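Engineer: Next up is a structure, given as structure tokens.
Residue numbers (my numbering): 158 to 532.
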């Protein structure tokens with residue numbers, strides 16, 4: 158198949174949309190297909206850390222005001238030209254919102270089937286950043302995804318949200334995890350001594366430092382005796398979080414094997430954001446053998462088995478996060494049991510497995526189009 162992946166974000170960006178688009182391209186190439194990626198141009202001089210397996214067409218972009226790490230695509234003829242030149246069999250729209258909307262329109266004009274991947278809780282972001290606008294966000298989501306031949310939701314919670322708000326033709330497509338890179342034996346005792354010189358229990362967070370992630374909920378854990386909070390990532394909230402989380406260590410952005418080493422050197426992984434449609438870092442933590450504390454909302458509901466691989470807590474509850482960390486800190490055997498169970502749970506969730514599922518979705522969409530034309 159000839160696939161054009163239209164994505165709102167791509168490496169060197171570090172986020173779930175960029176990572177999933179890269180893994181999708183890699184898997185398509187590995188299976189003998191021919192993908193091309195269309196993405197916003199990165200900031201000048203910014204190059205991807207990872208090898209990109211296929212051609213990438215960059216369209217002009219500008220930094221998002223107030224959040225310069227996010228690039229927003231400008232109108233460009235390159236998108237439609239790429240669909241025509243590549244003779245796309247299917248257009249893959251990764252978290253369509255700006256560039257993806259144009260990709261959907263171009264696919265419709267050319268009569269090319271489109272598969273839209275829902276990956277960002279825009280309604281939740283509207284509440285966080287604007288205090289309103291949730292209804293408008295859902296209207297846009299419904300308009301964009303309603304035009305697709307198929308929408309793929311990453312979790313059962315996301316699927317329910319889409320169906321509840323009137324998005325048709327939705328199926329489940331989860332995310333994979335690199336179990337070769339993320340594994341317990343990456344644990345680094347020298348790094349642990351550097352992060353927690355007095356032998357503290359290390360509670361780690363990995364992700365963007367932005368308002369919707371609500372990392373400030375780790376403040377209660379920072380106050381626990383014998384606990385050291387370590388934050389990995391960057392974003393506009395970092396200066397405020399450095400004030401809100403006394404004693405926490407901020408490592409900045411980490412990627413690749415270095416990130417895997419940091420993950421495996423934690424004792425507990427804590428995620429705080431309530432707007433995750435999936436939450437890839439939870440899977441990476443589980444693959445690293447860590448017990449997980451996460452909000453009982455969105456993607457983590459599918460990933461964390463409460464009382465078996467970790468603890469689910471009420472969203473936006475600092476005390477609940479603190480109490481969950483305290484319970485795990487007090488019980489090494491429970492941490493070990495949760496970590497082992499989590500590692501076993503994600504063992505088969507490879508990118509190869511979910512990539513093959515995606516190719517199956519493409520094939521079904523193409524077959525449905527052929528049937529419709531024949532009728």
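The beta-carbon is built from N, C-alpha and C at its ideal position, and this holds for glycine as well. Note that the structure is a prediction, hence the values are computed from the model and not measured.
Going along the chain, which unbroken runs of the alpha helix (DSSP H) with 4 or more residues stay wholly within the stretch 195-260?
Structural biologist: 235-243
Engineer: Enumerated in chain order, which unbroken segments of the beta strand (DSSP E) with a length of 3 residues or greater are wholly contained in the stretch 412-473?
Structural biologist: Contiguous beta strand (DSSP E) elements confined to the stretch 412-473 occur at 425-427, 449-452 and 467-470, taking only those with 3 or more residues.
Engineer: Rounded to a whole number of angstroms, what is the C-alpha to C-alpha distance between residue 172 and residue 532?
Structural biologist: Residue 532 has its alpha-carbon roughly 42 Å from the corresponding atom of residue 172.
Engineer: Under the three-state reduction of DSSP, which class applies to residue 109: helix, strand or coil?
Structural biologist: A query on residue 109 cannot be resolved here, the shown segment of the chain reaching from 158 to 532 and no further.
Engineer: Flag this pair as yes or no: are the beta carbons of residue 436 and residue 276 separated by less than 8 Å?
Structural biologist: no
Engineer: Using three-state DSSP, classify residue 409 as helix, strand or coil.
Structural biologist: strand
Engineer: Give every residue of the same chain whose Cβ lies closer than 6 Å to the Cβ of residue 385, excluding the five residues on either side of it in the sequence, and list them in chain order.
Structural biologist: 353, 357 and 359
Engineer: Please classify residue 223 as buried or exposed, where buried requires at least 16 neighbouring CB atoms within 10 angstroms.
Structural biologist: exposed
Engineer: Residues in the same chain with beta-carbon distance under 6 Å from residue 230, minus the five sequence neighbours each way, listed in chain order, please.
Structural biologist: 197, 216, 218, 255 and 256
Engineer: Provide the residue(s) that pair with residue 497 in DSSP beta bridges, ordered along the chain.
Structural biologist: In DSSP, residue 497 forms no bridge with anything.
Engineer: What are the start and end residues of the beta strand (DSSP E) that includes residue 159?
Structural biologist: According to the DSSP assignment, residue 159 belongs to the beta strand (DSSP E) that extends over 159-164.
Engineer: Report the partner residues of residue 192 according to the DSSP bridge assignment.
Structural biologist: 160
Engineer: Measure from the alpha carbon of residue 441 to the alpha carbon of each residue in 399, 413 and 355, then state which is nearest.
Structural biologist: 413
Engineer: Taking its Cβ as the centre, do 16 or more other Cβ atoms sit within 10 Å of residue 400, making it buried, or is it exposed?
Structural biologist: exposed
Engineer: Can you tell me whether residue 279 is buried or exposed? The criterion is at least 16 other CB atoms within 10 Å of its CB, across all chains shown.
Structural biologist: buried
Engineer: Sort out for me which residues DSSP pairs residue 361 with in a bridge.
Structural biologist: 387 and 426
Engineer: Here's the rule: buried if 16 or more other CB atoms are within 10 angstroms of the residue's CB, otherwise exposed. What is residue 496?
Structural biologist: buried
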